[in-house]
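Working notes for the structure below.
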Amino acid sequence: MSRPSERNTTNLDLKRMRMILDLFGNPEHSFRVIHVTGTNGKGSTARMAEAICRAYGLRTGLYTSPHLESVTERIAIDGQRISKQDFVELWNQVKDFVALVDMKMDQEGSPRMSFFEVLTAMAIWKFADEPVDVAIVEVGMGGRWDATNVLDADAAVLGPIDMDHMAWLGDTVEQIAEEKVGIIKESCTAVINKQPHEMEVMPIIEQAAAQMHAHLVRDGEESEVVRRMPAVGGQLVTLRTPNGTYEDVPVAMFGEHQAHNALAALCAAEVVIPVNGPLDGDLVAEALGGVKIPGRIEQIRNSPTIILDGGHNVNSAEAVRAAIEENYDFKQVVGVVGMMKDKQVEEYLGVLEPLLSEVIVTENSWRDRVMPVEDIEKIANRVFGESRVTAIADLPSAIQEAVNRVDAEDEVGVGYGHGVLICGSFVTAGDARMLLKETVNPELKMTVEQRAHQTGVDPLPRKEEDPELEDAAELDFETDANPDFDATDIKSILLGPDLRADDDQLDSLLDDGTESEH
10 MSRPSERNTT
20 NLDLKRMRMI
30 LDLFGNPEHS
40 FRVIHVTGTN
50 GKGSTARMAE
60 AICRAYGLRT
70 GLYTSPHLES
80 VTERIAIDGQ
90 RISKQDFVEL
100 WNQVKDFVAL
110 VDMKMDQEGS
120 PRMSFFEVLT
130 AMAIWKFADE
140 PVDVAIVEVG
150 MGGRWDATNV
160 LDADAAVLGP
170 IDMDHMAWLG
180 DTVEQIAEEK
190 VGIIKESCTA
200 VINKQPHEME
210 VMPIIEQAAA
220 QMHAHLVRDG
230 EESEVVRRMP
240 AVGGQLVTLR
250 TPNGTYEDVP
260 VAMFGEHQAH
270 NALAALCAAE
280 VVIPVNGPLD
290 GDLVAEALGG
300 VKIPGRIEQI
310 RNSPTIILDG
320 GHNVNSAEAV
330 RAAIEENYDF
340 KQVVGVVGMM
350 KDKQVEEYLG
360 VLEPLLSEVI
370 VTENSWRDRV
380 MPVEDIEKIA
390 NRVFGESRVT
400 AIADLPSAIQ
410 EAVNRVDAED
420 EVGVGYGHGV
430 LICGSFVTAG
440 DARMLLKETV
450 NPELKMTVEQ
460 RAHQTGVDPL
470 PRKEEDPELE
480 DAAELDFETD
490 ANPDFDATDI
500 KSILLGPDLR
510 ADDDQLDSLL
520 DDGTESEH
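Each residue of the sequence shown is one higher than the last, beginning at 10 in my numbering.
Right, dumping it as C-alpha cells:
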C-alpha cells in the first residue's frame, strides 16, 4: 500500500509491466484471455464468464478489483480465492523481480511499480504457475494504459461506458471511450454491452474494432436479451448469441443490467471454450444460476431487509434503483450513504432520491479519499431537503440508526416493506459487509465430546495470606476438624428424610458396596 498509486498521471504507460513480464519469461502467452472493461458491470461480467468456463471443465484464473474485505479476493483459481498463505508465498516468488524493476525506474527517475501493477504481475504469475486454461481479467481503470492491458485478449468485453474517473480518463464520455477501447486487440472478438450513451460511444468502438480487424458482437444486433422475467433470488432470461439461443436461463442477480452482463459473459465464453456451435444450455444455466456477486445489490440481512451496493456513479445508481423497484415492495427505504470526494455525489444522490424515504450520510474507512460527512450532508440537504437528511460520521452507528428507524415503522415486526440500502462506494459496502456478516460461534464447530470435556486451565496463583491464618487452615485440613459435624449428617445423606433407621440398618448400608459408591 506504500507503493505509488495507479491514479498517478505520471505513470500512465505499460513500461513497468512489460519489463516485469519479460523478467518472468512472458507467461501471459500461456493461457487464453477474456479482458473486461467498462464503467459498470465489469466484476459481474467477469465472474459470470469465469463460471461458464469452469462449468465446461476449463481451469480458470480470475482477477478482479477492488476487493471488499481482503486483498486475496482479487486473485481466484477455479472459483476459489487464494489463501493468505498463498498470497504471501506468491509475493515472495515475485518480489525480487519487482525490486529489479524498481531499481531500473529509480535509475531513470521514473515512478516505481504501483500497488495495482504489482498485484497484476502477481496474478499473471499465479495463472501461469497453476497453470490455467483461461484467465478472466477485469480492468482496474480505463483500459489503454491499465496494467492489465499487457494481456492480448481473445475476447475483449466493453461494458456500459459512462462518466467516472474523469480526472484520469477525460471530461467527456467520448474521451473515456477512447481509453476503454484500448483493450481491443488485433483479430480478437469485441463483445459490446448495451451502451447508455450509444450515439457518442458506438462510433468510437466500431472504429477501433475496424482498425484492429476485430469481430464485433454487439448487444442488440449480433446478440440480444430476448426476454427476462423476475424470479425468486434473481431472474429468468432468454439470451441470443452468435452461436445460438439459450432459453430460460436462471441468473442469480437482480436487475435488467445483470441480464445484459450475463449476455456479454456468455458471448465471451463462447469465444474461448473450444466447442463448435452453442454451448450446453444446462451447463450455462448451472453456471449463471450459481453466481453471487458480493457488494452488488446484495441482500445481506432480513427483517429488516438490508441491501449492499458498491456502485458509486450515476449509472450504478440507476441500476440499483431500478432493481429494487422491480424486485421489492418497499414502503420505506432508509439509505446509508458514504462516498468518495472525487465522485459525482449530487448526481448520484439525485438518482436515488425518489427511492429513499430518508438518507443517513456517513463516512467509510478510507480516510484519505472519503468525503467528510459535513460536506456530503450539505449536498444531501440540497437533494433531499434537510428534514430527510441525518449526518452520522461513524458507519456502525449510522447503520444502527437506519435499522432503528425502519423497525420503528414496522408494526408487524417481520421487516416486510421496510428496508435499508447501504451504498455509495465499494469501501462503504465492504465495511458494512464485515460489520453485518453473520459468523458462527466457534463452540458450535466443536463435537459434543469436545464441548463436554474442554481443555482445563491452570488455576490462578494463590494469594498471599497471613502466615498464622495459613497455619490454622493447614491444621484444620490435617485434622479434619469440623466443629459443625454431627453424626446424623451421614444418616441424612444415606437415608434422606427418614432418620429413624437404627445403627444396624446404617451398618448394612455402609457394608453394601453399591450403595456406598452412591
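Where is the CB? At the ideal position from N, CA and C, for every residue including glycine.
Under the three-state DSSP convention, the category residue i falls into
i: H44; result: strand
i: H266; result: helix
i: R121; result: coil
i: K500; result: Residue confidence is low: K500 scores 49 on pLDDT, short of 50, so the model does not pin down where it sits. No coordinate-derived value is stated.
i: T254; result: strand
i: G359; result: helix
i: Q353; result: coil
i: E418; result: helix
i: P212; result: helix
i: A223; result: coil
7 angstroms Cβ shell around residue i - same chain, five flanking residues per side excluded
i: N285; result: none
i: D111; result: R121 and M122
i: E380; result: The residue you asked about is not Glu; residue 380 is Met in the sequence shown. Excluding residues within five positions, the ones whose Cβ falls inside 7 angstroms are M348, M349, K350 and V354.
i: D173; result: T48 and N322
i: H222; result: E195 and S196
i: L128; result: R83
i: Q102; result: W134
i: F136; result: F40, G70 and A144
Spatial neighbours of residue i in its chain, beta-carbon cut-off 8 angstroms, leaving aside the 5 residues before and after
i: P405; result: L444
i: L292; result: I61, A64 and Y65
Near the ligand ZN: residue i beta-carbon under 7 angstroms from a heavy atom
i: V141; result: With respect to the ligand ZN, the structure offers nothing, as it holds no ligand at all.
For residue i, the residue or residues it bridges with in DSSP
i: D440; result: According to DSSP, which records beta bridges pairwise, D440 is partnered with nothing at all.
i: M238; result: L245
i: Q409; result: DSSP, once it has assigned bridges, lists no residue as partnering Q409.
i: T399; result: I369
i: R427; result: The sequence given here has His at residue 427, not Arg. DSSP output for H427 lists Q341 as bridge partner(s).
i: S539; result: Residue 539 lies beyond the stretch modelled for the chain, which goes from 10 to 527, so this question has no answer here.
i: V392; result: For V392, which the question treats as bridged, DSSP gives no partner whatsoever.
i: C432; result: D318 and V346
i: L167; result: T46 and I201
i: Y72; result: I84 and V146
i: R310; result: I315
i: R90; result: A85
Residues of its chain near residue i, where Cβ-Cβ distance is below 6 angstroms and the 5 sequence neighbours each way are ignored
i: A400; result: V370, V382 and E386
i: L365; result: V342 and G344
i: A411; result: V343, V345, I369 and V429
i: I29; result: F106, V110 and A130
i: W375; result: V436
Rounded distance between the beta-carbons of residue j and residue i, thought under 8 angstroms
i: T6; j: D257; result: For the chain, the structure presents residues 10 to 527; residue 6 sits outside this window and is missing.
i: I170; j: G47; result: 6 angstroms
i: V226; j: A199; result: 7 angstroms
i: N373; j: T437; result: 4 angstroms
i: T568; j: G52; result: This structure leaves residue 568 out entirely; the chain is present only between 10 and 527.
i: I309; j: L297; result: At roughly 21 angstroms, the Cβ-Cβ gap does not stay under 8 angstroms, so I309 and L297 are not in contact.
Nearest neighbour of residue i, chosen from the options [CA to CA]
i: H76; options: D403, L23, R305 and H222; result: R305
i: E307; options: S119, I145 and I431; result: I431
i: D440; options: P140, Y425 and P303; result: P303
i: E265; options: I213, F136, V235 and R83; result: V235
i: T314; options: I388, R391, V398 and R414; result: R414
i: A144; options: F40, R12 and V190; result: F40
i: A389; options: V346, D419, A411 and N373; result: V346
i: D416; options: G229, E209 and S312; result: S312
i: H38; options: R83, K301 and V141; result: V141
i: A162; options: I213, A137 and A277; result: A277
i: F339; options: S92, T81 and D419; result: D419
i: L160; options: D138, E183, A130 and I333; result: A130
i: L361; options: P283, E327 and W100; result: E327
i: H269; options: K203, G243 and E334; result: K203
i: R90; options: S79, V182 and D384; result: S79
i: R330; options: M57, G433, L21 and K104; result: G433
i: K104; options: V146, E295, F124 and T157; result: F124
i: T157; options: M455, E295, L23 and P283; result: L23
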